[in-house]
Amino acid sequence: MSPKPPIVRHDDLKPGFARLRRRGLLRGSFSLGALTLLTGCDLSTHSGVDAALEAMLRFDDRIQEALFDKSRLAETYPASAITHPFRFNAYYPEWQVRIIDPATWRLGVSGLVRETRAWSVADLRALPQQSQITRHICIEGWSQIGQWSGVPLHVFLKRIGADLRAKYVSFTCFDGYSTSIDMPSALQSQTILALDFESKPLTPEWGAPLRLRIPTKLGYKSAKNLQSIAVTNKYPGGYWENQGYDWFAGV
Amino acid sequence: MRPLRSARPAHPVPIRIMHWIGVYAIGCMMFSGWEIYDASPSLPFLFPQWTGLGGWLGGALAWHLSAMWLLFADGLAYLAYGIATGHFRRDLAPPHPREVGRDLGAALRFALPHRIGHYNAVQRLLYAGIIIVITFAVATGLAIWKPVQFGWLTGLFGGYPIARGIHLAMMGLIATFVVIHVTLVAFYPRTLVSMIANTSADPETTP
Numbered sequence: 001m002s003p004k005p006p007i008v009r010h011d012d013l014k015p016g017f018a019r020l021r022r023r024g025l026l027r028g029s030f031s032l033g034a035l036t037l038l039t040g041c042d043l044s045t046h047s048g049v050d051a052a053l054e055a056m057l058r059f060d061d062r063i064q065e066a067l068f069d070k071s072r073l074a075e076t077y078p079a080s081a082i083t084h085p086f087r088f089n090a091y092y093p094e095w096q097v098r099i100i101d102p103a104t105w106r107l108g109v110s111g112l113v114r115e116t117r118a119w120s121v122a123d124l125r126a127l128p129q130q131s132q133i134t135r136h137i138c139i140e141g142w143s144q145i146g147q148w149s150g151v152p153l154h155v156f157l158k159r160i161g162a163d164l165r166a167k168y169v170s171f172t173c174f175d176g177y178s179t180s181i182d183m184p185s186a187l188q189s190q191t192i193l194a195l196d197f198e199s200k201p202l203t204p205e206w207g208a209p210l211r212l213r214i215p216t217k218l219g220y221k222s223a224k225n226l227q228s229i230a231v232t233n234k235y236p237g238g239y240w241e242n243q244g245y246d247w248f249a250g251v
Numbered sequence: 001m002r003p004l005r006s007a008r009p010a011h012p013v014p015i016r017i018m019h020w021i022g023v024y025a026i027g028c029m030m031f032s033g034w035e036i037y038d039a040s041p042s043l044p045f046l047f048p049q050w051t052g053l054g055g056w057l058g059g060a061l062a063w064h065l066s067a068m069w070l071l072f073a074d075g076l077a078y079l080a081y082g083i084a085t086g087h088f089r090r091d092l093a094p095p096h097p098r099e100v101g102r103d104l105g106a107a108l109r110f111a112l113p114h115r116i117g118h119y120n121a122v123q124r125l126l127y128a129g130i131i132i133v134i135t136f137a138v139a140t141g142l143a144i145w146k147p148v149q150f151g152w153l154t155g156l157f158g159g160y161p162i163a164r165g166i167h168l169a170m171m172g173l174i175a176t177f178v179v180i181h182v183t184l185v186a187f188y189p190r191t192l193v194s195m196i197a198n199t200s201a202d203p204e205t206t207p
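Going down the list, the protein sequences come from chains A and B. Quick note: the first sequence, position 12, residue 12 per UniProt numbering, numbers continuous. Quick note: the second sequence, position 62, residue 62 per UniProt numbering, numbers continuous.
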């Protein structure tokens, strides 16, 4: 058993948190909307507008954290409601899907955990499994109902001896994607490390061999093609979050 | 001839302030909403890129989720004011259908007298209607923002996809209202002045 790393205080990380966000939210602002609503602002740099929008996003995150109730479950559906065909979605087109050999793949674990050994697909299948038919809601507005099954994340986190008082659980993927979620959402009973899609092992386009499935958050939190999980108090950001999507992304 | 009323303002100061904050908030919501709609259009049309606010989906959402607080605060203040001062009861109470028919007919013949600070049946109908429409826009907005945490509300609107459709439909009604409202203001420019500067209400006349 490795010694527990020192806990990082959230307050120490605020500058880094702000830096990650400072990417310029407002793009291509020479529109009717911008011209009528931002009259008087310096549209060539719009750094003041960006700062205000970023502050509002952080305010929204705090509201969302307050609204989140771990005991409130996402609606579940009968098998007849499953969407066919299921829509592929990633930050790259489907022909660029990364394929990995599930037999040699291992899930890395790091951060505020007791056990950092890597996990194989077989190791994960030996843990208790849960199946769900839930709605996947994309930030773009579309949604679809799918069936996933796998290991509840709270089961996994307890198994690796994670510090459940830590702020964040962070996910990195071998397709270059990354995201992170808050600990209360990670412990919600419907948050699972999915191994199966529609009762069959995940195929590459659906995130093989392991993906996160979290029906209480927008789709970009359900990271596919997982490579490692870290438990941390240091704000981890994420692929889309660093570009300006709101971090909490609760539904 | 009834006695003339003492000069009261056509629109009290709080109404004027809340009106223009509301215009700004609705403008932000509408322009950023079009950009969000374009990310995944549910109808076979797109809003032109140059009408959007935010430049991309993330920027548009940041605007939408910022301005919603302004709209929410402004709307709550307006509802509280309207109930507390009797503005709703006095000025926006549902007109009798016969009055609506009479005033609507007159309006379509461009013969409806417009008295500043008084509300005819067509105005009562439009203004009460837009308050209800904006309330539904906010409620469906909350339903699609938090379909799990506010699951009861989303359920009330028939689930996430239907709530999203109603939200879009409310936008369409608000846009329609804006066109009618601005057109009527163009016909009676004095009303624009009365929503900005201190203006006395027109005297009462015999019906």
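The beta-carbon is built from N, C-alpha and C at its ideal position, and this holds for glycine as well.
### Message
Give the list of continuous beta strand (DSSP E) stretches no shorter than 3 residues that lie fully inside the segment 138-224 of chain A.
### Response
143-152, 168-173, 178-182, 192-197, 211-213
### Query
Can you tell which of A/F174, A/Q130, A/G111, A/R211 has the C-alpha that lies nearest to the C-alpha of A/Y168?
A/G111
### Message
With three or more C-beta pairs closer than 8 Å as the rule, is the segment 104-124 of chain A touching the segment 184-191 of chain A?
### Response
no
### Task
With a cut-off of 8 Å on the beta carbons, I'd call B/T8 and B/I116 a contact; round off their distance for me.
The identity of residue 8 of chain B in the sequence shown is Arg, whereas the question assumes Thr. The Cβ separation is near 11 Å, so there is no contact.
### Query
Apart from the five residues just before and just after B/A139, which ones in its own chain have a Cβ nearer than 8 Å to its Cβ?
L153, F157
### Query
If you pair each beta-carbon of the segment 158-177 of chain A with each one of the segment 233-251 of chain A, do three or more pairs fall below 8 Å?
yes
### Task
Could you tell me which chain B residues have their CB closer than 7 Å to the CB of A/E75, listed as they occur along the chain?
G151
### Query
According to the Cβ coordinates, are A/I139 and A/L212 closer than 8 Å?
no
#### Entry: Neighbour flag for A/F68 against chain B, beta carbons, 8 Å
yes
### Task
Please check if any C-beta of chain A sits within less than 8 Å of the C-beta of B/T191.
no
### Listed by chain order, chain A residues near B/P161 by CB distance under 7 Å
S143
### Spatial distance of A/E84 from A/A223 (CA atoms)
The question names Glu, yet the displayed sequence has His at residue 84 of chain A. Answer to the nearest angstrom: the Cα atoms are 21 Å apart.
#### Entry: Segments assigned alpha helix (DSSP H), at least 4 residues, entirely inside the segment 49-129 of chain B
57-84, 87-91, 97-108
### Query
What residues from chain A crowd round residue 220 of chain B, counting only those whose CB sits closer than 7 Å?
Absent from the structure is residue 220 of chain B, since the part of chain B shown begins at 1 and ends at 207.
### Message
By alpha-carbon positions, which one of A/A162, A/E205, A/L73 ends up nearest to A/F86?
### Response
A/E205
### Query
Grouping DSSP H, G and I as helix and E and B as strand, with all else coil, what is B/G27?
helix
### Task
Only counting runs of 4 or more residues, tell me where the alpha helix (DSSP H) segments fall wholly within the segment 115-203 of chain B, in order along the chain.
121-145, 151-156, 160-187, 189-194
#### Entry: Residues near B/Y188 in its chain [Cβ-Cβ closer than 7 Å; skip 5 each side]
H114
### Task
Taking A/Q64 as part of the alpha helix (DSSP H), name the residues at either end of that continuous run.
47-67
### Query
Among B/W20, B/T183, B/G55, B/A39, which has the Cα closest to the Cα of B/Y78?
B/W20
### Query
Within 8 Å (strictly less), CB to CB, does A/I181 reach chain B?
no
### Where B/W20 meets chain A, residues with beta-carbon distance less than 7 Å
By Cβ distance, chain A contributes nothing, its closest Cβ being about 13 Å from B/W20, past 7 Å.
### Message
So, for B/V122: in the same chain, excluding its five sequence neighbours on each side, which residues have a beta-carbon less than 6 Å away from its beta-carbon?
### Response
D103, L104, A107
### Boundaries of the beta strand (DSSP E) in which A/V231 is found, first to last residue
226-232
### Task
Would you identify the three-state DSSP class for A/V109, choosing helix, strand or coil?
strand
### Query
Mind listing which residues of the segment 40-74 of chain B have their C-beta closer than 8 Å to chain A's C-betas, in chain order?
S40, S42, Q49, W50, T51, G52, L53, G54, G55, W56, L57, G58, G59, L61, A62, W63, L65, S66, W69
### Query
To which residues does DSSP link A/S131 through a beta bridge?
A/S149
### CA nearest to the CA of B/I26, picked from B/L46, B/S66, B/L192, B/P97
B/S66
### Task
State yes or no: is the beta carbon of A/D246 nearer than 8 Å to at least one beta carbon in chain B?
yes
### Message
With a threshold of 8 Å between beta-carbons, can A/D61 be considered close to chain B, or not?
### Response
no
### Task
Give me the Cβ distance between B/G52 and B/F31, rounded to the nearest whole Å; I'm assuming they're in contact under 8 Å.
6 Å
### Query
Taking buried to mean at least 16 other C-beta atoms within 10 Å of its own C-beta, is A/R135 buried or exposed?
buried
### Query
Would the beta-carbon of A/S228 fall within 8 Å of that of B/P161?
no
### Query
Whose C-beta lies closer than 7 Å to the C-beta of B/I83 among residues of the same chain, with five residues either side of it excluded?
none
### Query
Is the CB-CB distance between A/Q129 and A/V151 below 8 Å?
yes
### Contact list for A/V251 against chain B, beta-carbon separation under 7 Å
K146, P147, V148
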